[in-house]
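Undergrad:
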Amino acid sequence: MKKKNYLDTLSDSNKPFIIYKSIKGFDLFTNFSEKIILNNKNIDRFLNKKYKFKNKYKSTDLLIGFFGYELLNNLIGVKIPKQKSINFPKGIFYKPETKINLKNRLIYKLNTKQKINKKFKININHNSYSKIFNNFKKKIRSGETYQIKICTKYKNKSAIDPLDFFCRLSETNLAPEAFMIKDKNFSIISCSPENLITKKGSFISTKPIAGTLRKNKKINKIKALSFFKNNIKETKEHNMIVDMERNDLSRICKPGSVKLKKEKIIEEYKDLYHYVSLIVGRLKKNIKNIDIIKAMMPGGSVIGCPKISTLNLLNHQEKENRNIYTGSFGYIKFNGDMRFNIIIRSILNFKNVSEISVASGVVIDSHAKNEFNENFIKAKALIDLFT
Amino acid sequence: MIYIVDHKDSFTHNVVHQLSLFDKVECANYDEIDNEKLNKAKTIVLSPGPGSPKDYPKTKNIYKRFKGKKKIIGICLGFQQILFAEGGQIIQQKQIYHGFQSDIKVISKNSIFKNNLILKVGRYHSLKLKEPFNAKNFDITMRCVISGSAMCVENNIDNIYGFQFHPESFLTINGNLLIKKILSA
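This is the structure:
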């Protein structure tokens, strides 16, 4: 079968599949022989299980999927009070039997009629957002948190073709951690830019993003850098995340091995600039994948700081389950290597209801109106797909 | 061995990582204090953390129990805990420093650091010491160059040292040297 038509055929077949951004293009995984639905009871066993591979390691010797936000909280002993829930699975992993490399330009001809409704409902209006915001600012003044991210959710009822959405999204926004999952009753479409864990042998790295600037004709890469360098609020937010990620790596890495390899650099994407750092380390002996996941997840840059007390503040504030949002998607290879992102800038479509969650940070010098608007800007690229 | 009381902070393991360069380190959560290890330790470190000293009564007890018997080092919240246990008041400040790099200055001849030395340090604190503060054998030995707020307390008789800033932060220049000096003092 020609790769060119592969996506059309695959989409017609109604087989579940996953696409994940690779360095050169995309990897497509399908023909799943196993599907593991995670919960609080089986997660430990799942993460501790050793998979065998025959003589030579194959490119399909891996499990690919996601951990939801609630599962990751529970894994580190943080409880979430009862919330409004759509009963979406807390985590799912798949064992693929087929892997196909695709080029950056995904070619796919939409042939099913989608029923798209353009209307979105937001779960928190500007007024209640301001109330939450001011409450959190008080918590910052009293030292309970230093930075906290308020999440808002946009919802829409539409029957969508996720592959069509993903192809269009990749054309406008080719993000390094983009992925999509299509399964029977749900799909996820994401243009996540943020890598949380890259683990190869005893090497581990994390690449937090804190700071985003929209592109326009007047701004180039150098100007973007000086914008961030001169913006005290952005710099402080970023510094905090760097120290927090150094901390999380230090839990599992050899003393003296945790290094800030790239400090506050600019990465350029099609529509925006990101303010990024790269932190690396060498894992201690006897560290298992479960230790790594507990140390690093949920990813700090999308939560706030310090992690535990901020998670508790967030969880008591938020009335709706975050589902996949600020969870992690990626794979665990049978040789122990891993790659995981942070699930942000994503659409979760479950039983024909789409939800887009976004968050922006409250630090001592942020303003409710700006942050509320920033949330909308972040959601807009995804909302615009509903045309 | 160094024992760190972790106040559930997201910076504590940077402290562990830094101290591990010099000695064996044991670190346990505030809720799971290991008394046996605590008794064996040569040095006790009170970690940074959210909230205010009054939220952590067990730490105050540890401080009182080992004052004068072991070297005690406090960082950020730990610094405030030392001062709080010595009768100082910890209050909210107008200007809040989170993720902020600033210049501080050694302002006392009693310091183990060179007088008038200027250091670039990373800060993460909402609260500060209310002054004037007086306690026997304690000196405020460093201050913020701009605001003047207390950045270091030393008691060289009982071997107690506290930093309002974070020596383990990547924002602190030569933080390792600073810690080395305290550990060998």
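For the record, the sequence lines run as chains P and U.
Here the working numbering is used: the first residue of the first sequence is 1, the next is one more, and so on.
Here the working numbering is used: the first residue of the second sequence is 1001, the next is one more, and so on.
For every residue, glycine included, the Cβ atom is placed at its ideal position computed from N, Cα and C.
1) The region 123 to 153 of chain P: which residues have C-beta closer than 8 Å to a C-beta of chain U, in chain order?
2) Please name the residue or residues paired with Phe1163 (chain U) in a DSSP beta bridge.
3) Measuring alpha carbon to alpha carbon, tell me which residue in P:Glu371, P:Lys351, P:Asn375 is nearest Phe88 (chain P).
4) Whole-angstrom Cβ separation of Lys199 (chain P) and Ile292 (chain P), contact assumed at under 8 Å?
5) Output the boundary residues of the beta strand (DSSP E) element that contains Val1015 (chain U).
6) Can you have a look at Gln1092 (chain U) and say buried or exposed, based on whether 16 or more other CB atoms are within 10 angstroms of its CB?
7) Is Arg1065 (chain U) close to the ligand GTP? I mean its beta-carbon at under 6 Å from any heavy atom of the ligand.
8) By the 8 Å beta-carbon criterion, what residues does the region 1118 to 1130 of chain U contribute toward chain P?
9) With DSSP run on the structure shown, which of helix, strand or coil describes Lys270 (chain P)?
10) Going along the chain, which residues of the region 251 to 270 of chain P sit with their C-beta nearer than 8 Å to a C-beta in chain U?
11) Quick check on Lys90 (chain P): buried or exposed, where buried means 16 or more other Cβ atoms within 10 Å of its Cβ?
12) Which whole runs of the alpha helix (DSSP H) in the region 197 to 272 of chain P are 4 residues long or more, in chain order?
13) Quick one: does Pro1050 (chain U) have its CB under 7 Å from some CB of chain P?
14) Residues in its own chain within less than 8 Å of Asn31 (chain P) by CB, not counting five upstream and five downstream?
15) Ignoring anything shorter than 4 residues or poking outside the region 140 to 208 of chain P, list the alpha helix (DSSP H) runs there in chain order.
16) By the 10 Å Cβ neighbour count, where 16 or more other Cβ atoms means buried, how is Met1 (chain P) classified, buried or exposed?
17) Quick one: give me the first and last residue of the beta strand (DSSP E) that Gly330 (chain P) is part of.
18) Would the beta-carbon of Phe1138 (chain U) fall within 7 Å of that of Asn1110 (chain U)?
19) With 7 Å set as the bound, which would you pick, yes or no: does the beta-carbon of Pro208 (chain P) sit closer than that to a beta-carbon of chain U?
20) Compute the Euclidean distance between the alpha carbons of Asn289 (chain P) and Phe1163 (chain U), then round it to the nearest angstrom.
21) Could you name the residues of the same chain whose beta carbon sits closer than 7 Å to that of Ala178 (chain P), not counting the 5 residues immediately before and after it, in chain order?
22) Quick one, which of P:Lys184, P:Pro255, P:His274 has its alpha-carbon nearest Ile222 (chain P)'s?
23) Helix, strand or coil, according to DSSP, for Ser13 (chain P) in the structure here?
24) Listed in chain order, which residues of the region 226 to 241 of chain P have Cβ atoms closer than 9 Å to some Cβ of chain U?
25) Helix or strand or just coil, what does DSSP make of Tyr1124 (chain U)?
26) Counting only beta-carbon atoms, is Pro89 (chain P) nearer than 7 Å to chain U?
27) Hey, out of P:Ile343, P:Ile377, P:Ala359, P:Leu382, whose CA is closest to Leu72 (chain P)'s CA?
28) Helix, strand or coil for Lys115 (chain P)? Go by DSSP, reduced to three states.
29) Shorter than 7 Å from the beta carbon of Lys1094 (chain U) to some beta carbon of chain P?
30) Have a look at P:Ser59, P:Tyr269, P:Asn341, P:Asp61 and flag the residue whose alpha-carbon is nearest the alpha-carbon of Asn173 (chain P).
31) Have a look at U:Arg1123, U:His1013, U:Tyr1124, U:Ile1140 and flag the residue whose alpha-carbon is nearest the alpha-carbon of Lys1130 (chain U).
32) Can you find a CB in chain U that lies within less than 7 Å of the CB of Ser309 (chain P)?
33) Just how far apart, CA to CA, sit Glu194 (chain P) and Phe1133 (chain U)?
34) So, Gly143 (chain P) versus Ser1108 (chain U), is the Cβ gap smaller than 7 Å?
35) Comparing the C-beta of Ile290 (chain P) with each C-beta of chain U, is any distance below 7 Å?
36) Could you spell out the range, first to last residue, of the alpha helix (DSSP H) harbouring Met296 (chain P)?
TA: A quick look at the data gives this:
1) When C-beta distances to chain U are compared with 8 Å, the residues of the region 123 to 153 of chain P below that value are Ile140, Arg141, Ser142, Gly143, Glu144, Thr145, Tyr146, Gln147, in chain order.
2) Walking along the second sequence from the start, residue 1163 (chain U) turns up at place 163. Beta-bridge partners of Phe1163 (chain U) (DSSP): U:Ile1075, U:Cys1152.
3) Counting from 1 along the first sequence, the entry for residue 88 (chain P) is found at position 88. Relative to Phe88 (chain P), the option among P:Glu371, P:Lys351, P:Asn375 whose CA is nearest is P:Lys351.
4) In the first sequence, residue 199 (chain P) corresponds to position 199, counting from 1. In the first sequence, residue 292 (chain P) corresponds to position 292, counting from 1. Yes, Lys199 (chain P) and Ile292 (chain P) are in contact; Cβ-Cβ is about 7 Å, under 8 Å.
5) As a working note, residue 1015 (chain U) is residue 15 in the second sequence. Run containing Val1015 (chain U): none in the beta strand (DSSP E); it sits in the alpha helix (DSSP H), 1012 to 1019.
6) Within the second sequence, numbered from 1, the residue matching residue 1092 (chain U) stands at position 92. Residue burial annotation: Gln1092 (chain U) is exposed, with fewer than 16 other C-beta atoms found within 10 angstroms of its C-beta.
7) Absence of the ligand GTP from the depicted structure is noted, as is the absence of any ligand whatsoever, leaving it without description.
8) So the list reads Gly1122, Tyr1124, His1125, Ser1126, Leu1127, given in the order they occur along the chain.
9) Taking the first residue of the first sequence as 1, we reach residue 270 (chain P) at position 270. Three-state DSSP puts Lys270 (chain P) in coil, outside helix and strand.
10) Flagged, chain order: Arg251, Cys253, Pro255, Gly256, Val258, Leu260, Glu263.
11) As a position in the first sequence, residue 90 (chain P) is number 90, starting the count at 1. By the 10 Å Cβ count, Lys90 (chain P) comes out buried.
12) DSSP runs (the alpha helix (DSSP H)) wholly in the region 197 to 272 of chain P: 221 to 230, 232 to 250.
13) Taking the second sequence and counting its residues from 1, the one referred to as residue 1050 (chain U) is at position 50. Cβ-Cβ to chain P under 7 Å: yes for Pro1050 (chain U).
14) Here residue 31 (chain P) refers to the residue found at position 31 of the first sequence. The beta carbon of Asn31 (chain P) sits closer than 8 Å to those of Lys15, Pro96, Glu97, Thr98, all from its chain and outside the five residues before and after it, given in chain order.
15) The qualifying runs are 162 to 172.
16) The count along the first sequence starts at 1 and reaches residue 1 (chain P) at position 1. For Met1 (chain P), the predicted model reports a pLDDT of 49, less than 50, meaning its position is unreliable; a value from the coordinates is still stated below. Flag for Met1 (chain P) reads exposed.
17) Position 330 of the first sequence, counting from 1, holds the residue named residue 330 (chain P). Under the DSSP assignment, Gly330 (chain P) falls in the beta strand (DSSP E) whose first and last residues are 328 to 333.
18) Here the question's residue 1138 (chain U) lines up with position 138 in the second sequence. Here the question's residue 1110 (chain U) lines up with position 110 in the second sequence. In this structure, Asn1110 (chain U) does not lie closer than 7 Å to Phe1138 (chain U) by Cβ.
19) Here residue 208 (chain P) corresponds to residue number 208 of the first sequence, with the count starting at 1. With a threshold of 7 Å between beta carbons, Pro208 (chain P) makes no contact with chain U.
20) Taking the first sequence and counting its residues from 1, one reaches residue 289 (chain P) at position 289. Taking the second sequence and counting its residues from 1, one reaches residue 1163 (chain U) at position 163. Those two C-alpha atoms are separated by around 35 Å.
21) Position 178 of the first sequence, counting from 1, holds the residue named residue 178 (chain P). Lys21, Ser170, Ser190, Cys191, Ser192, listed in sequence order.
22) Within the first sequence, residue 222 (chain P) is the residue found at index 222, counting from 1. Of P:Lys184, P:Pro255, P:His274, the residue nearest in Cα terms is P:His274.
23) Position 13 of the first sequence, counted from the start, is the residue given in the question as residue 13 (chain P). In this structure, DSSP gives Ser13 (chain P) a helical state, which the three-state scheme calls helix.
24) Correct list: Ile232, Thr235, Lys236, Glu237, His238, Asn239, Met240, Ile241.
25) In the second sequence, the residue the question calls residue 1124 (chain U) occupies position 124. Three-state result, Tyr1124 (chain U): strand.
26) Within the first sequence, numbered from 1, the residue matching residue 89 (chain P) stands at position 89. Cβ-Cβ to chain U under 7 Å: no for Pro89 (chain P).
27) Position 72 of the first sequence, counted from the start, is the residue given in the question as residue 72 (chain P). Checked all of P:Ile343, P:Ile377, P:Ala359, P:Leu382; the closest Cα to Leu72 (chain P) is P:Ile343.
28) Translated into the one-based positions of the first sequence, residue 115 (chain P) becomes position 115. Three-state DSSP puts Lys115 (chain P) in a strand.
29) Mapped onto the second sequence, residue 1094 (chain U) falls at position 94. No, no contact with chain P.
30) Counting from 1 along the first sequence, the entry for residue 173 (chain P) is found at position 173. Checked all of P:Ser59, P:Tyr269, P:Asn341, P:Asp61; the closest Cα to Asn173 (chain P) is P:Tyr269.
31) Looking up residue 1130 (chain U) in the second sequence gives position 130. Residue U:Ile1140 is the option with its Cα nearest to Lys1130 (chain U).
32) Counting from one through the first sequence, the residue named residue 309 (chain P) turns up at place 309. By this cut-off, Ser309 (chain P) is an interface position.
33) On the first sequence, position 194 is the one that residue 194 (chain P) refers to. On the second sequence, position 133 is the one that residue 1133 (chain U) refers to. Between Glu194 (chain P) and Phe1133 (chain U), the C-alpha separation is close to 46 Å.
34) Here the question's residue 143 (chain P) lines up with position 143 in the first sequence. Here the question's residue 1108 (chain U) lines up with position 108 in the second sequence. Their beta carbons are not under 7 Å apart, which means Gly143 (chain P) does not touch Ser1108 (chain U) by this criterion.
35) Indexing the first sequence from 1 puts residue 290 (chain P) at position 290. No, no contact with chain U.
36) Here residue 296 (chain P) is taken as the residue at index 296 of the first sequence, counted from 1. Run containing Met296 (chain P): 289 to 296, per the alpha helix (DSSP H) assignment.
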